[in-house]
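Trainee: I have a structure here, written as structure tokens, and I will follow up with some questions on it.
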Amino acid sequence: MSSLTARAAEWQKSCGCMLTFHRAAPAAKWADLPNKGFYLNLDYLDNLLGTLKRDGWEIVTADEIVCRLKLGENGSRLVNFSVDDCYRDTFEHVVPLFRRHGVPVTLFVTTGIPDGTMPLGWAGLEAILAERAQITYNGQTVEVSTHQAKQQWFARISSAWETHDFYDEFAKFCQVNGVDPLELRDEHAITWEMLETFKGDPLVEIGAHTVSHYRISSLPEDQALQELAGSRQRLRARLGIDCRHFAFPYGRSGDCGKRDFDLAREAGFVSASTTRKGLVRQGQDLFSLPRNTLNGVHQSMAYASFLLSGLAGLAARVLGRV
Ligand SMILES: [Zn+2]
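In structure tokens form, the structure reads like this:
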């Protein structure tokens, strides 16, 4: 990993790399997940952290990257890991792993998850598919007994819901399949009590990720500001912390733009992150920081090197995939 990044000219001009992921699962469980792209295998994450430390990378908070960017650092081997949304596995698996390595992790919390105001549609769909041999969908009985069928139906149903009222579709799906969405929420949601255990831990940095995980660019300005400022206020009210950093849901160029970056500043944040690939470099706007997504489909050391070297960002810009 070190030789690739040392060669990359992109890296020499940067102040660090921000990486993000959503969920992580133990290796045995990960292999059978219907939506495994959304999860990292914990063994892979463990190995990645160990490799980065051995190769001399400095794993830091988002705050540290922003501070050192302001100090004008270049060519630093800084890397930040952030977890978006925050589910129960953040508490059970992810934070304990980072603590074991003695390195920090940033949690971008969607406050509707611990507040119970945001239905956990993706997690719920996945849990139902994982547990059942048959489901009811669009009035028909569908066989989902094999691993392959579970994955295919997850992809098919989740993409169909994207074009409808997502929460409404999920509620109807739960009803026809005899599932209590509140039970699913208890199984998957992080709670305020879990988040309270992270308070004061220098290895756990807490940032905001909206109230309800809407695509911010799609909202009228007042509602968009409420999503940003509301999550910050809620984290202060429940945890007594002054949240300095924000991450946009989805985070690609169609999901958040100039108006939204200005709103993040107005909401009182010090920085806001996207999911546009690339490295953090001098002259970078602090309210549209690039972050590189790690997911279960591409969990290899080679792909991590591709992101860390800045070559992924370069390729995305060349191909117009931002
Ligand atoms: Zn998210």
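Residue numbers are given in the working numbering: position 152 of the sequence shown equals residue 169, and the series is strictly consecutive.
Where a beta carbon is used, it is the ideal one built from N, C-alpha and C, also for glycine.
This one's a predicted model, so the numbers in the text were calculated from it and none came from an experiment.
1. Taking only heavy atoms of ligand 1 into account, decide whether any of them is closer than 8 Å to the Cβ of Y267.
2. Look up T37 in the DSSP assignment and give the residues it is bridged to.
3. For a quick check, are the C-beta atoms of L66 and R40 less than 9 Å apart?
4. Below 8 Å on the Cβ atoms is my contact criterion, and I expect G141 with P198 to pass it. Report the Cβ-Cβ distance as a whole number of Å.
5. Just to confirm, is the Cβ distance from L128 to G247 under 9 Å?
6. Which residue's Cα is closest to the Cα of L86: A321, D302, G327, G313?
7. Report the partner residues of H262 according to the DSSP bridge assignment.
8. Use the C-beta contact count for L296: other C-beta atoms within 10 angstroms, 16 or more gives buried, fewer gives exposed.
9. Whole angstroms is fine: what's the gap from C34's alpha carbon to A144's?
10. Considering only C-alpha positions, which residue in the set V193, G138, D203, T214 is nearest to R116?
11. Under a Cβ-count criterion, where at least 16 other Cβ atoms within 10 Å of its own Cβ denotes burial, should N309 be classed as buried or exposed?
12. What do you reckon, is the C-beta of H205 under 8 Å from a heavy atom of ligand 1?
13. What residue does the alpha helix (DSSP H) around F9 start on, and which one ends it?
14. Under a three-way DSSP split, which group does F304 fall into?
15. Tell me which residue opens and which closes the alpha helix (DSSP H) that Y8 is part of.
16. May I ask you to check if the CB of H262 is nearer than 8 Å to at least one heavy atom of ligand 1?
17. Output the boundary residues of the alpha helix (DSSP H) element that contains Q168.
18. Please state the DSSP three-state secondary structure of Q316.
19. Report yes if the CB atom of L95 is closer than 9 Å to the CB atom of V112, and no otherwise.
Mentor: To lay it out plainly:
1. yes
2. S99, T310
3. no
4. 6 Å
5. The sequence given here places Thr at residue 128; Leu does not occur at that position. Closer than 9 Å, so yes.
6. The shortest C-alpha separation from L86 is found at D302.
7. S288
8. buried
9. 33 Å
10. T214
11. buried
12. no
13. Any answer about residue 9 is impossible in this case: the structure gives the chain only from 18 up to 339.
14. coil
15. Residue numbering for the chain in the displayed model covers 18 to 339; residue 8 lies beyond these limits and cannot be assessed.
16. No; taking the cut-off as 8 Å, the Cβ of H262 has no heavy atom of ligand 1 nearer than that.
17. 164 to 179
18. coil
19. no
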